[in-house]
Amino acid sequence: MKNQNSKIESVLQEKLGGKVLLGESLKYYTTMKVGGVAKFLYKAKDSGQVLRAIKVALDLKLSYFILGKGGNVIFSDDGFEGLMIVNQASKVSFFEDKAEVWAESGITNGELVMKAAEKGFGGIEFLATIPGTLGGALYGNVGAYGWEIGSFVKSISLLILPDKGKEVKVVKKPGSFLKPLYRSTILKRLNAKIIAQGKGISWGSFHPIILSATLQLQRKKPEQIAREIGKLIEMRRKRQPQGIISSGSTFKNPLGRSSKIDEVYKDIKKTASYMLDNVGAKKIKVGDARVSDRHANFFTHSGKATAQNIKDLVQELQKRVYERYEVKLDPEIEFVGKFK
Ligand SMILES: Cc1cc2nc3c(=O)[nH]c(=O)nc-3n(C[C@H](O)[C@H](O)[C@H](O)COP(=O)(O)OP(=O)(O)OC[C@H]3O[C@@H](n4cnc5c(N)ncnc54)[C@H](O)[C@@H]3O)c2cc1C
Numbered sequence: 007m008k009n010q011n012s013k014i015e016s017v018l019q020e021k022l023g024g025k026v027l028l029g030e031s032l033k034y035y036t037t038m039k040v041g042g043v044a045k046f047l048y049k050a051k052d053s054g055q056v057l058r059a060i061k062v063a064l065d066l067k068l069s070y071f072i073l074g075k076g077g078n079v080i081f082s083d084d085g086f087e088g089l090m091i092v093n094q095a096s097k098v099s100f101f102e103d104k105a106e107v108w109a110e111s112g113i114t115n116g117e118l119v120m121k122a123a124e125k126g127f128g129g130i131e132f133l134a135t136i137p138g139t140l141g142g143a144l145y146g147n148v149g150a151y152g153w154e155i156g157s158f159v160k161s162i163s164l165l166i167l168p169d170k171g172k173e174v175k176v177v178k179k180p181g182s183f184l185k186p187l188y189r190s191t192i193l194k195r196l197n198a199k200i201i202a203q204g205k206g207i208s209w210g211s212f213h214p215i216i217l218s219a220t221l222q223l224q225r226k227k228p229e230q231i232a233r234e235i236g237k238l239i240e241m242r243r244k245r246q247p248q249g250i251i252s253s254g255s256t257f258k259n260p261l262g263r264s265s266k267i268d269e270v271y272k273d274i275k276k277t278a279s280y281m282l283d284n285v286g287a288k289k290i291k292v293g294d295a296r297v298s299d300r301h302a303n304f305f306t307h308s309g310k311a312t313a314q315n316i317k318d319l320v321q322e323l324q325k326r327v328y329e330r331y332e333v334k335l336d337p338e339i340e341f342v343g344k345f346k
């Protein structure tokens, strides 16, 4: 086993330019700051490096996981036996005549919005307030205040996993391929299905990987974009806790998609945070894990919680909400790896 491991390590180092890190704590790669260590971790600086890392992992029959900024994942305390690929590919280019932007999927949402604004393109201001990368945003069809990224996608470039014995393929697909629903896409649904069926040698990413995307923007003055971002940040400040450890909203709102700004908040009694508040969420602690005093759907801790503590708190609150409201709250965050 030891020999096998050092062989895998030397192939990874050889093929990935000696840049593979060993035993990195995944705490430092997620916004919830919990989780075990990754046996191997590689920071891919462009799409070519993402592609190469996946090919090498497949050749070695090693599990791999594609990670953005870790804003929506909770890795188990057991850690990951495979190759964690941190996607930092962030090239951007604009098609000014069509008001479109093409970007690699590791660009952060904030950087993408700012680069577009500098060129006089807007429409995606809401993204500036959502932490993470373009790839993570597309995978989960992120949204806020009535906007969702799915409606801006013209096309995507996808790495498709091979059938047995075949090569990986990179294909271009229209945005509609993602079949976006409220906080979900076909990629997220596919991954959940494969994991539920228990396929794969360990855990990892089992869905096609988004290498880049082209988004439809609109011409706007940079000052107007800055004003709109300012308003959205102010709305967040009023409603959500700031500067705490969290993954944002833990559960989806049972009402689902909002078509207009604030529609979800019209019937406050149907929001996840209202129900959580009413079942005493703010009074429970599991280990160091608790919910924020300001917003019952934001789970947090002071730095000492385990991933299992977060999972247990989620399950306890799902149970309480179900007992009181007969509503099964569906987590928006993803638990990845082995939990009790
Ligand atoms: C304070 C805070 C506020 C938030 N507010 C919102 C909000 O208003 N609205 C909202 O929708 N979300 C919100 N979130 C959740 C989070 O920011 C989003 O889900 C975000 O898109 C996660 O992006 P990421 O790059 O961090 O993805 P990660 O957490 O790194 O990954 C999430 C999933 O996407 C997959 N993935 C990542 N990159 C790719 C790729 N290139 N191809 C295929 N799959 C990929 C990963 O494998 C993983 O399964 C918030 C989070 C925080 C911490």
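Sequential numbering of the sequence shown, starting at 7, is according to the numbering used here. We put the beta carbon where it would ideally sit given N, CA and C, even for glycine.
query	result
Quick check: the segment 26-45 against the segment 101-117, are there 3 or more CB pairs under 8 Å?	no
Taking 7 Å as the cut-off, is the C-beta of L193 nearer than that to any heavy atom in ligand 1?	yes
Does the Cβ of E117 lie closer than 7 Å to at least one heavy atom of ligand 1?	no
Say whether the segment 327-339 touches the segment 239-257, bearing in mind that this needs 3 or more beta-carbon pairs closer than 8 Å, one atom from each stretch.	yes
Might you give, ordered along the chain, the residues of its own chain that have their beta carbon closer than 7 Å to the beta carbon of A134, omitting 5 neighbours on each side?	N115, G116, V119, I235
Go through the segment 119-201 residue by residue and report every complete run of the beta strand (DSSP E) that reaches 3 residues or more, in order.	159-166, 175-180
Going by DSSP, what residues sit across from A287 in a beta bridge?	Paired residues: none, contrary to the question.
How is the alpha helix (DSSP H) around M241 delimited, first residue to last?	228-245
Tell me the start and end of each unbroken beta strand (DSSP E) in the segment 281-341 that is at least 3 residues and wholly inside, in chain order.	295-297
Please go through the same chain and pick out, in chain order, the residues whose beta-carbon is closer than 6 Å to the beta-carbon of V148, but skip the five residues on each side of it.	I136, I155
Just reading off the alpha helix (DSSP H) that K61 is part of, what are its end residues?	53-65
Expressed to the nearest angstrom, what Euclidean distance is found between the alpha-carbon atoms of G126 and G76?	30 Å
Would you please state the rounded distance, in angstroms, between the beta carbons of G141 and I216? I believe it to be under 8 Å.	5 Å
Let me check you understand the geometry: is the CB of K143 closer than 7 Å to at least one non-hydrogen atom of ligand 1?	Residue identity differs from the one stated: residue 143 is Ala in this sequence, not Lys. Yes, the Cβ of A143 comes within 7 Å of a heavy atom of ligand 1.
Can you round the beta-carbon distance between V6 and K21 to whole angstroms, since I take them to be within the 8 Å contact cut?	Absent from the structure is residue 6, since the part of the chain shown begins at 7 and ends at 346.
Secondary structure at A105, three-state DSSP: helix, strand or coil?	coil
I'd like to know whether the C-beta atoms of I91 and V174 end up nearer to each other than 8 Å.	no
Using a threshold of 8 Å, state whether the C-beta atoms of N197 and F212 are closer than that.	yes
Pull the bridge partners of K49 from the DSSP assignment, please.	V92
Go ahead and pull the three-state DSSP assignment for V40.	coil
Indicate, with yes or no, if ligand 1 has a heavy atom lying under 7 Å from the CB of A150.	yes
Tell me whether E269 is buried or exposed, calling it buried when 16 or more other Cβ atoms sit within 10 Å of its Cβ.	In this prediction, E269 has a pLDDT of 48, which is less than 50 and means its spatial position is unreliable; what the coordinates show is noted afterwards. Result: exposed.
Going by DSSP, what residues sit across from V79 in a beta bridge?	E340
Can you tell me where the beta strand (DSSP E) holding L28 begins and where it ends?	27-31
Leaving aside the five residues before and after K49 along the sequence, list all residues of the same chain whose C-beta is less than 6 Å from its C-beta, in chain order.	V92, Q94
Considering Cα atoms alone, identify which of E124, K178, K172, L167 is closest to S161.	K178
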